[in-house]
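Student:
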Amino acid sequence: MRLIFMGSPAFSVPVLEALVAAGHEIVAVYTQPPRPAGRGKKQRPCAVHARALALTLDVRHPASLKQAEEQAAFSALRADAAVVVAYGLLLPQELLDAPTHGCLNIHASLLPRWRGAAPIHRAIMAGDRETGICIMQMEAGLDTGPVLYRETISIASDETTAALQERLSDLGA
67 MRLIFMGSPA FSVPVLEALV AAGHEIVAVY TQPPRPAGRG KKQRPCAVHA RALALTLDVR
127 HPASLKQAEE QAAFSALRAD AAVVVAYGLL LPQELLDAPT HGCLNIHASL LPRWRGAAPI
187 HRAIMAGDRE TGICIMQMEA GLDTGPVLYR ETISIASDET TAALQERLSD LGA
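Each residue of the sequence shown is one higher than the last, beginning at 67 in the numbering used here.
1. Please confirm whether Gln109 and Ser74 have their CB atoms less than 8 Å apart.
2. With a threshold of 8 Å, are at least 3 pairs of Cβ atoms found where one atom belongs to the segment 159-170 and the other to the segment 184-194?
3. Counting pairs of beta carbons, one from the segment 133-142 and one from the segment 150-164, are three or more of them closer than 8 Å?
4. What residues match up with Gln203 in a beta bridge as DSSP calls it?
5. Which ranges would you report for the beta strand (DSSP E) in the segment 83-147 if only whole runs of at least 3 residues count?
6. For Arg101, I'd like the list of residues in its chain whose CB is within less than 6 Å of its CB, leaving aside the five on either flank, ordered along the chain.
7. Ile92: which of Cys112, Arg105, Ala184 and Val150 sits nearest, CA to CA?
8. By how many angstroms is the C-alpha of Arg195 removed from the C-alpha of Pro185?
9. What did DSSP end up calling Leu237 once you bin it into helix, strand or coil?
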């Protein structure tokens, strides 16, 4: 399939790698723009940006997706679907409608619980005993739309955010 991948943090990298390994044609990778980091405040790309470059994929990092030019460029990719994993920007309806089969979001919670940012942290802070991954067809709202697949895992009483994040990242891939 011709896919657009949209993700930014390290959590998203295993999904990108799995899509490439499965033989999908990744026509573009969208990430957050590089940001100042470290003592020298040098511009540093996010984890997905770095991995996509290593895989010699086309990387795009618009600050916004609201401009007509950016939406036209997205549509011109003629993707079958877009796969979104912790991208960091809401997608306007024009982008949601562009791929033939729409946009799929891989979200690290058992929706509708913990919609939005930091679902792993929120699950641990709330003392949840289980969480999981949901794959959903995206709609205009934040983490709304029909859930197409859901897998649940237990959270150990002493599990750290980093450990749970790694397990969920692998599960999502």
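For each residue, glycine too, the CB sits at the ideal point set by N, CA and C.
Tutor: In short:
1. For Gln109 and Ser74, no; Cβs fall outside 8 Å.
2. Flag = no, the segment 159-170 and the segment 184-194 do not touch.
3. Judged by pairs of C-beta atoms under 8 Å, the segment 133-142 touches the segment 150-164, as three or more such pairs exist.
4. Looking at the DSSP assignment, Gln203 forms a beta bridge with Leu170.
5. Listed in chain order, they are 91-96, 101-103 and 108-110.
6. Answer for Arg101: no residue qualifies.
7. Looking from the CA of Ile92, the closest CA among Cys112, Arg105, Ala184 and Val150 belongs to Val150.
8. Cα-Cα distance, rounded: 14 Å.
9. Leu237: helix per DSSP, three-state reduction.
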